[in-house]
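A.B. asks:
Numbering (my numbering), first residue to last: 333 to 393.
#1: How long is the line joining the alpha carbons of residue 370 and residue 351, rounded to whole angstroms?
#2: Could you check if residue 386 is buried or exposed, using at least 16 other CB atoms within 10 Å of its CB as the buried criterion?
#3: For residue 378, which residues in the same chain have their Cβ closer than 6 Å to its Cβ, ignoring the five residues on either side in sequence?
#4: Taking the beta carbon of residue 303 as the centre, do at least 16 other beta carbons fall within 10 Å, making it buried, or is it exposed?
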């Protein structure tokens, strides 16, 4: 398991260190003020990833 204060930079560091070709992230959408919010980790990873990123969202009923 990765232990770090900030998840986004930790994910990118591990990606680079391990030579990862793809990041698959499960995400939860939070509806706020009429818009969906992804928090701060997902945008950080999308902006800084040295490889492709796939986001997966499962609807919970």
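Cβ coordinates follow ideal geometry from the N, Cα and C atoms, glycine included.
C.D. replies: Looking at the coordinates:
#1: For residue 370 and residue 351, the distance between alpha carbons rounds to 26 Å.
#2: Classification of residue 386: exposed, given that the 10 Å Cβ count is below 16.
#3: Cβ-Cβ distances below 6 Å link residue 378 to 385 in the same chain, with the five nearest sequence neighbours on each side left out; the list follows chain order.
#4: Nothing can be reported for residue 303, as the shown portion of the chain is limited to 333 through 393.
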